[in-house]
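Quick notes on the structure that follows.
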Amino acid sequence: AQSVTQLDSQVPVFEEAPVELRCNYSSSVSVYLFWYVQYPNQGLQLLLKYLSGSTLVKGINGFEAEFNKSQTSFHLRKPSVHISDTAEYFCAVRRNSGNTPLVFGKGTRLSVIA
Amino acid sequence: GAVVSQHPSRVICKSGTSVKIECRSLDFQATTMFWYRQFPKQSLMLMATSNEGSKATYEQGVEKDKFLINHASLTLSTLTVTSAHPEDSSFYICSARDFRAGDETQYFGPGTRLLVL
Chain A
1 AQSVTQLDSQ
11 VPVFEEAPVE
21 LRCNYSSSVS
31 VYLFWYVQYP
41 NQGLQLLLKY
51 LSGSTLVKGI
61 NGFEAEFNKS
71 QTSFHLRKPS
81 VHISDTAEYF
91 CAVRRNSGNT
101 PLVFGKGTRL
111 SVIA
Chain B
115 GAVVSQHPSR
125 VICKSGTSVK
135 IECRSLDFQA
145 TTMFWYRQFP
155 KQSLMLMATS
165 NEGSKATYEQ
175 GVEKDKFLIN
185 HASLTLSTLT
195 VTSAHPEDSS
205 FYICSARDFR
215 AGDETQYFGP
225 GTRLLVL
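Here the protein sequences come in this chain order: A and B. When you line the first sequence up against the working numbering, it's residues 1 to 114, in that order. When you line the second sequence up against the working numbering, it's residues 115 to 231, in that order.
Below, the structure is given as structure tokens:
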């Protein structure tokens, strides 16, 4: 089975500052990794995903994440945040074979302060 | 990109009534659909997985007779909350994936807010 730990439940950051949202996973098999964003009262929107290849993955809205297999991490970063980035961010994992569902972390609330 | 719609976006019903939520994939074939439940300020809890034309597989602790899932076509899945009670009030989100096309991404609908009075 897979599990995801998002180490920070809330991250406040000033506008135009950099941010890193941490995600660690646990799995006995190879996995795919995802970051989703959820705005209030909405569904989830895919930010980026790691399937294979380059460990640095670039996504939408200026976000990127780096897959680190040795540290079993997939931290999300953005060099300069905007007020509009205020949202809930979910890290998710699933095994890289078969038709299995995503397993989600508990989420990190990013609050961007003007 | 792939779009998933849900209807209704919010519903208020009386205790004891049944509520049906529709989930549609608009521009791809959803060979697999997932239903999640989300409580305020919490993560998504998987309720069930359904493959088109097959019976849904429910997660442990989810009552299959209470949460009826139908996935009769490649673009539509429905979740019916039968005899709803206040404790069923929640945010329900569906997700879809085209497994046969080799797409590894799950796409999410906008969610349905259910309030049972």
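Each residue gets a CB set at the ideal place from its N, CA and C atoms; glycine is no exception.
#1: Pick helix, strand or coil for S30(A), following the three-state DSSP scheme.
#2: Using a C-beta to C-beta distance shorter than 9 angstroms, which residues of chain B count as neighbours of N41(A)?
#3: Counting pairs of Cβ atoms below 8 angstroms between the stretch 13 to 26 of chain A and the stretch 72 to 86 of chain A, do you hit three or more?
#4: If contacts are defined as beta-carbon pairs under 8 angstroms, then V4(A) and A92(A) qualify, I think. What distance do you get, rounded to the angstrom?
#5: Less than 7 angstroms between the beta carbons of V230(B) and S119(B), yes or no?
#6: Just the C-alpha distance for S164(B) and T219(B), rounded to the nearest angstrom, thanks.
#7: How many Å lie between S80(A) and L188(B) at the Cα?
#8: For Q38(A) and K69(A), what's the separation of their Cα atoms in angstroms?
#9: Can you name the start and end residues of the beta strand (DSSP E) that L21(A) belongs to?
#10: Any idea if L51(A) is buried or exposed, counting beta-carbon neighbours within 10 angstroms, 16 or more meaning buried?
#11: Listed in chain order, which residues of the stretch 89 to 106 of chain A have Cβ atoms closer than 7 angstroms to some Cβ of chain B?
#12: Could you compute how far the alpha carbon of E16(A) sits from the alpha carbon of H82(A)?
#13: Would Y32(A) count as contacting chain B if we go by Cβ distances under 7 angstroms?
#14: With 7 angstroms as the threshold, decide whether the Cβ of L51(A) is near any Cβ in chain B.
Walking through what the data contain:
#1: coil
#2: S123, R124, F205, P224, G225, R227
#3: yes
#4: 6 angstroms
#5: no
#6: 16 angstroms
#7: 41 angstroms
#8: 26 angstroms
#9: 19 to 21
#10: exposed
#11: F90, N99, P101, L102, F104, G105, K106
#12: 6 angstroms
#13: yes
#14: yes
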